[in-house]
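Visitor: Structure provided below as structure tokens; questions to follow.
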Amino acid sequence: MPELPDVETFKRYLDATSLHQRIVGVDVRNAYVLKDVSARKLAQQLKGRRFESSRRHGKNLFVRADHAIWLRLHFGMTGFLRYFKNEEKAQQPASAKATAGRHARVVFVFEKDHRLAFDDQRMFGEIGLVKDVDQFLKKRGLGPDALHVDLAQFKNILTKHRGPVKSILLNQKLIAGIGNIYADEILFRACIHPATQTSLLKEKAVAKLFPATRYILKKAIESKADADRVPKSWLLPRRGRGGKCPRCARELQSATIGGRTTWFCPHCQKRL
Ligand SMILES: [Zn+2]
């Protein structure tokens, strides 16, 4: 499921491929992913315009088109972006569909037939239009972005809210961007058991959790949120049945915490 590092990777991909080209069409192949906008309105609002810049907040990506309208992309569980050119299609006329992806739900068509597809197999993703990003974030009640939050804010979030520390990290209304995989990774790095009640967290633990959060998210972005590229010392490549702790080589354990399957090392992350 795309989390902050994945969405940041999509942002960089979009910035590198899809800005400053005139949009000549919007091909909505499945309107299910559209939120509060019809296929007609989406095309109407974007046609003739250009994507100029983008901004990420938590797991949301906002793409500004000229004349101040923002396209909002949320990648749900399986969403991602793919940019391709007409040459590929020309080389494989019989598989134009394969080029666009079997799960391309919305395709933005630029001049010269370059295209950006929003691909989303399971369709939990969302595409919408937003006039004012800050207002949207406020209305949704989203917390500060996990990479922009400072130590004082972070401490405040953890000390003012009760519950298992993992649930707090996952709560998008408190801190936006962290999902199941990276919450586990952050807690593993900080040697904190994911079920630890925040009320039991010592100041020292919180002080460890903050840099761990920043480190994991930044390093994951550097690794393009790819499980094959993250450091071998991480939990991510080993989570799953039979996985061994990269630190102590003991078997990892799983439990449902915050409603999600959680992996941790019961030896390195002692429960308080
Ligand atoms: Zn261990």
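The sequence shown runs 802 to 1073 under my numbering.
The C-beta atom is built at its ideal place from N, Cα and C for all residues, glycine as well.
It should be emphasised that the depicted structure is a prediction, and the values quoted were computed from it without experimental measurement.
#1: For residue 811 and residue 1025, what's the separation of their Cα atoms in angstroms?
#2: Assuming residue 947 and residue 926 form a contact by the criterion Cβ under 8 Å, report the distance between their Cβ atoms to the nearest whole angstrom.
#3: Is residue 846 helix, strand or coil by DSSP?
#4: What is the C-beta distance between residue 963 and residue 999, in whole angstroms, given that I count them as a contact (C-beta under 8 Å)?
#5: What span of residues does the alpha helix (DSSP H) with residue 874 cover, start to end?
#6: Residue 905 bridges to which residues according to DSSP?
#7: Beta-carbon within less than 6 Å of residue 968's beta-carbon, same chain only, minus the 5 sequence neighbours each way: which residues are those?
#8: For a test of your reading of the model: does the CB of residue 1048 fall under 7 Å from any non-hydrogen atom of ligand 1? Yes or no.
#9: Name the residue from 903, 909, 856, 1013 whose alpha carbon lies nearest to the alpha carbon of residue 828.
#10: Should residue 858 be counted as a contact of ligand 1 given a C-beta to heavy atom distance under 7 Å?
#11: Suppose contacts are defined by Cβ-Cβ distances below 8 Å. Is residue 1001 in contact with residue 1073 by that definition?
#12: Excluding the 5 residues flanking residue 929 on each side, which residues of the same chain have their C-beta closer than 6 Å to its C-beta?
#13: Does the beta carbon of residue 1039 fall short of 7 Å from some heavy atom of ligand 1?
#14: Given a cut-off of 8 Å, decide if residue 914 and residue 904 are closer than it, judged by their beta-carbon atoms.
#15: CA-CA distance, residue 1040 and residue 883?
#16: Does the beta-carbon of residue 923 have 16 or more other beta-carbons within 10 angstroms, so that it is buried, or is it exposed?
#17: Given that a residue counts as buried once 16 or more other Cβ atoms are within 10 Å of its Cβ, and exposed if not, what is residue 891?
#18: Ordered along the chain, which non-local residues of its own chain (more than five positions away) have a Cβ less than 6 Å from that of residue 1027?
#19: In chain order, what residues of the same chain have a beta carbon less than 8 Å from the beta carbon of residue 1020, not counting five sequence neighbours either side?
#20: Three-state secondary structure (DSSP) at residue 976?
#21: In angstroms, rounded to a whole number, what distance separates the CA positions of residue 1054 and residue 868?
#22: Can you tell me whether residue 994 sits near ligand 1, meaning its C-beta is under 7 Å from at least one heavy atom of the ligand?
#23: Could you tell me whether any non-hydrogen atom of ligand 1 is closer than 7 Å to the CB of residue 990?
#24: Going by DSSP, what residue range makes up the alpha helix (DSSP H) through residue 937?
#25: Hey, residue 970 and residue 953: beta-carbon distance below 8 Å or not?
#26: Find out if the Cβ-Cβ distance for the pair residue 1006, residue 1017 is shorter than 8 Å.
Guide: On the basis of the data shown:
#1: 9 Å
#2: Contact flag wrong, Cβ pair sits at about 20 Å.
#3: helix
#4: 6 Å
#5: Careful: residue 874 lies outside any alpha helix (DSSP H), inside the beta strand (DSSP E) at 870-875.
#6: 920
#7: 1059
#8: yes
#9: 909
#10: no
#11: yes
#12: 836, 837, 838, 873
#13: no
#14: no
#15: 28 Å
#16: exposed
#17: With a pLDDT of 47 at residue 891, under the threshold of 50, the modelled position of this residue cannot be trusted; read the value that follows with caution. Its Cβ having fewer than 16 others within 10 Å, residue 891 is exposed.
#18: none
#19: 1031, 1032
#20: coil
#21: 52 Å
#22: no
#23: no
#24: 934-941
#25: no
#26: no
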